[in-house]
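Number of protein chains: 2
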Amino acid sequence: MSSAAPRPTGPDHLWSVDEHLEDVLTTVRPLDPIELNLLDAQGCVLVDDVMVPVSLPPFDNSSMDGYAVRVTDVAGASEEYPAVLEVVGDVAAGAADLAPVGPGQAARIMTGAPLPPGAETVVPVEWTDGGLGGGPVGGMRARSLAPEGAFGQVRVYRPAVARAHVRAQGSDVRAGDRALEAGTVLGPPQIALLAAIGRGTVRVRPRPRVVVMSTGSELVQPDEALGKGQIYDSNSFALTAAARDAGAIAYRVGAVADDAEILRSTVEDQLVRADLMVTSGGVSVGAYDVVKEALSSVGDEDGPGGGVDFRRLAMQPGKPQGFGTVGPDHVPLLALPGNPVSSYVSFELFVRPAIRTLMGLTDVHRPRTRATLAADKALTSPEGRRQFLRGAYADGEVRPVGGSGSHLIAALAQADALIVVPEDTTSVEPGAEVEVVLLV
Amino acid sequence: MSSAAPRPTGPDHLWSVDEHLEDVLTTVRPLDPIELNLLDAQGCVLVDDVMVPVSLPPFDNSSMDGYAVRVTDVAGASEEYPAVLEVVGDVAAGAADLAPVGPGQAARIMTGAPLPPGAETVVPVEWTDGGLGGGPVGGMRARSLAPEGAFGQVRVYRPAVARAHVRAQGSDVRAGDRALEAGTVLGPPQIALLAAIGRGTVRVRPRPRVVVMSTGSELVQPDEALGKGQIYDSNSFALTAAARDAGAIAYRVGAVADDAEILRSTVEDQLVRADLMVTSGGVSVGAYDVVKEALSSVGDEDGPGGGVDFRRLAMQPGKPQGFGTVGPDHVPLLALPGNPVSSYVSFELFVRPAIRTLMGLTDVHRPRTRATLAADKALTSPEGRRQFLRGAYADGEVRPVGGSGSHLIAALAQADALIVVPEDTTSVEPGAEVEVVLLV
């Protein structure tokens, strides 16, 4: 068995959590970029700086519904002595042909509409009689109901300084500015900006396609009848959901029997849609742990460099792990242990960062914090293993949930954190400070 | 115009942010529940308590690869004086027919396999010679390569207490226990538990379908040529992305011209796929603000109770807002102002909580915190308006980003927080403590 990256140690080496993680993260590379429609790029990472092709706003425009006028024509205007101007027409948003505003004239202008030539400022409609002759108004009458409002006279009751209520061309961004920096994650405001500068598509790293399968002849699909010695497949559901939560497009293959030939052909079949593969089960020291046997040579014939390395980690849960690449395209594959808690914890520690690395994110890990252990008795942990216990975190305190057994799914479902007990610590007293991985 | 819920005030009332929000949240009801496949229910809210139909594990099973034996047969075993037992066969995971283990016998057992009758404990394979006669081994040889390992003799080098490495039936959850409580949001661990107890489908409130359209004759789609007086439509992209981020299934209709008849018929067309509708633009006091005109009577003919109410809020940005219901099914509709920053801030304050209420979530708001204002000069804010300025938050400090102009999309794209300036505050000095809405 060969491996994609040279690995520093022999088969008997007990890998640390950090060594294994480093092996995964130096092997997995960000996916090649692709041009995507804006809304398909949500949550993805921008590959290049995006420059502004045209200034925003593209032209001087009104920030209010009102009247575009010359400054001198409204100087000194008051309710007692209003300026009376001739209305020369409407300027709606989107208007292209703009009649000039001359001395003694006003154009009725809508928010976002271009400032017509000759006009120097905008008086809001609330500072005028709206052309009705009856004192200040709260708004304009609808064009469809009162088309005559575009003409006639308007009384202006307050003066306006030059360029009041005018948004200047380029006051948001200027042509040639950098709109967004390479590496930006595209959320709604970033998508707003890209659309505003006219970008309908954008070059990003796509969401990775992750194929998930569990292995084990004892596994039955939910809603089917459970026979003697059988249990329900939960890992393929949990890992698929977790992959989606991490940002991937995840495909759940389901459970594959403990048969090396079936497993190998299933993996080979799925390669076509996989940027990353995740299996659970079959990686320990049992006589039916066929994942090792099956994955040592998947699609390997075409060239060197592939293969999955199976190893023991100084970790609890999650001691047995496999990692490597499969197929002619060297698709990364993480083979997780089969116990539900082991596979979930392994996902959080190794697969989630791998998925986020494929996406091109730099912040690939769950946040961590320090917390005070709130417990009735000391936590115990095996010497030489980094233990990850399930916990509930709130307000700087973390409380263990359930025991250390890697089959305790119910407790996992109540947890929102992992309590980290370092390799050299075998006991943690209540009240001690511990490191916590926050899962939500 | 009538409204779905009785509204406390007349058309001239200046609504507070809280009054408007309360009106929205008392009108919008959680969607009716639906039975969904597990993976389709990710992120959704459980409607009923889910009880455990069958204990987990369903049977006593081994937590290790090893040998199932009787306690007395391995009592006092050591490397010097190993217990030598007759191997009577394999018990693989999923095995249904279990041969009993008699005195002096051992069954080779795999992780997860049922404990056979007669066996009282499990010794890990690492405590044995694996049947090879050469001292302690690291694991079993694969069944496919060495089928003889299921028979012959095994030397056991360490004793085991009763039920060591045995996971007892029901030690995770017991039949009749409550697996998950109504109101639980289904993340990967909760999906794991539901699958493990055999639930392939689950009753949840579905993700709401949100139809998004922007209005304005000046709007052009990105990647098309920009004519005189035109700008690119960004709101329909930003609001669609924001709706998805909030948990909705969002449909972007795009930009509709300022024509009441076209707008009305578009809204009526879209009703069939809408649990919530969101528009932007056309809600202010201009002569071409056709949204009011169009939405006062959408699909209203069939019965009473519909209609959209347009109002002014004591808020900046976001003063003009519309809210009500449209169509015979009284689909809630929020009509947001058209300035990009106004529409985005309005979404965060009103639409996002509405979407999360439709989902049945109880925690519908963005988190808020207190922060120290880091700025070169005082922030100013109009009297009587609650102002929401864009900011960048880090480590207890918030720094304003860009100005207060509601057309400043570039600054919005650099912000991750909103700085709240209360109605009665007109100036905030640098170093003062402010309330902050965290947007990510």
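Here the protein sequences line up with chains A and B, keeping their order. Going by the UniProt record's numbering, the first sequence opens with residue 1, and the numbers climb by one from there. Going by the UniProt record's numbering, the second sequence opens with residue 1, and the numbers climb by one from there. Backbone N, C-alpha and C fix where the C-beta goes; we use that ideal spot for every residue, glycine too.
{"Check": "Can you list the beta strand (DSSP E) stretches of 3 or more residues lying completely in the segment 91 to 151 of chain A, in chain order?", "Outcome": "105 to 109, 121 to 124"}
{"Check": "What first and last residue would you give for the beta strand (DSSP E) that runs through D309(A)?", "Outcome": "307 to 313"}
{"Check": "Please name the residue, chosen from A287(B), Y288(B), V308(B), V285(B), that lies closest to S296(B) on a Cα-to-Cα basis.", "Outcome": "V308(B)"}
{"Check": "Starting from E22(A) and walking both ways along the alpha helix (DSSP H), at which residues does that stretch end?", "Outcome": "17 to 27"}
{"Check": "Quick one: give me the first and last residue of the beta strand (DSSP E) that V253(B) is part of.", "Outcome": "249 to 256"}
{"Check": "Select from V212(A), S55(A), P116(A) the residue whose C-alpha is nearest the C-alpha of A179(A).", "Outcome": "S55(A)"}
{"Check": "Anything in the segment 394 to 408 of chain B with a Cβ closer than 8 Å to a Cβ of chain A? List those residues in chain order, please.", "Outcome": "G405, S406, H407, L408"}
{"Check": "I want to verify the contact list: residues of chain A whose CB lies under 9 Å from the CB of D90(B), in sequence order.", "Outcome": "A287, Y288"}
{"Check": "How long is the line joining the alpha carbons of A142(A) and D223(B), rounded to whole angstroms?", "Outcome": "32 Å"}
{"Check": "For V45(B), which beta-bridge partners are listed by DSSP?", "Outcome": "V185(B), R205(B)"}
{"Check": "Between R385(A) and A314(A), which are expected to be in contact by the criterion C-beta below 8 Å, what is the C-beta distance as a whole number of angstroms?", "Outcome": "5 Å"}
{"Check": "Express the C-alpha separation of P53(A) and A41(B) in angstroms, rounding to a whole number.", "Outcome": "42 Å"}
{"Check": "Just to check my reading of the structure: P30(B) and R203(B) have Cβ atoms closer than 8 Å, yes? What is that Cβ distance to the nearest angstrom?", "Outcome": "Rounded, the Cβ-Cβ distance is 13 Å, inconsistent with contact."}
{"Check": "Which residues mark the beginning and the end of the alpha helix (DSSP H) in which S343(B) is found?", "Outcome": "340 to 346"}
{"Check": "List the residues of chain B whose Cβ lies closer than 7 Å to the Cβ of E218(A), in chain order.", "Outcome": "A93, G94, G112"}
{"Check": "When you compare each of V351(A), S63(A), R155(A), P367(A) to V166(A) by their alpha carbons, which one comes out closest?", "Outcome": "S63(A)"}
{"Check": "Taking the alpha-carbon of A260(A) as reference, which of R273(A), G281(A), A250(A) has the nearest alpha-carbon?", "Outcome": "G281(A)"}
{"Check": "Quick one: is T380(B) near chain A, going by C-beta distance under 8 Å?", "Outcome": "no"}
{"Check": "DSSP beta-bridge partners for Q316(B)?", "Outcome": "Q387(B)"}
{"Check": "State the Cα-Cα distance for the pair L349(A) and I409(A), rounded to the nearest angstrom.", "Outcome": "18 Å"}
{"Check": "Is there a Cβ from chain B that is less than 8 Å from the Cβ of M140(A)?", "Outcome": "yes"}
{"Check": "Which term fits residue 452(B), buried or exposed, when burial requires 16 or more other beta carbons within 10 angstroms of its beta carbon?", "Outcome": "Residue coverage of chain B in this structure runs from 1 to 440, which leaves residue 452(B) outside it and unanswerable."}
{"Check": "In this structure, how does DSSP classify L226(B) when only helix, strand and coil are distinguished?", "Outcome": "coil"}
{"Check": "Going by CA-CA distance only, name the one from A83(B), A96(B), I109(B), L25(B) that's closest to P159(B).", "Outcome": "A83(B)"}
{"Check": "Under 8 Å between beta-carbons, which chain B residues line up against R252(A)? List them in chain order, please.", "Outcome": "L39"}
{"Check": "In the structure shown, what three-state DSSP assignment does E433(B) receive?", "Outcome": "strand"}
{"Check": "Report, in whole angstroms, the separation of the C-beta atoms of V278(B) and V345(B), which I expect to be a contact under 8 Å.", "Outcome": "Between V345(B) and V278(B) the Cβ distance is about 14 Å, and since that is not below 8 Å, they are no contact."}
{"Check": "Just checking my contact of A246(B) with I191(A) at CB under 8 Å: how many whole Å lie between their CB atoms?", "Outcome": "Contact doesn't hold; Cβ gap of about 14 Å is too wide."}
{"Check": "Provide the residue span of the beta strand (DSSP E) that contains A417(A), from first to last.", "Outcome": "417 to 421"}
{"Check": "Within the same chain, show all residues whose beta-carbon is closer than 6 Å to that of P400(B), passing over the 5 residues directly before and after it, in chain order.", "Outcome": "A375, L389, G391"}
{"Check": "Excluding the 5 residues preceding and the 5 following D12(B) in the sequence, name in chain order all residues of the same chain whose CB lies nearer than 8 Å to its CB.", "Outcome": "none"}
{"Check": "At what residues does the beta strand (DSSP E) containing R178(B) begin and finish?", "Outcome": "178 to 180"}
{"Check": "Given 8 Å as the limit, is there contact between the segment 61 to 78 of chain B and the segment 225 to 243 of chain B, that is, 3 or more CB pairs closer than that?", "Outcome": "no"}
{"Check": "So with Cβ pairs under 8 Å, would you call T72(B) a contact of chain A?", "Outcome": "no"}
{"Check": "Return helix, strand or coil for T425(B), following the three-state DSSP convention.", "Outcome": "coil"}
{"Check": "Could you give the DSSP three-state label for D12(B): helix, strand or coil?", "Outcome": "coil"}
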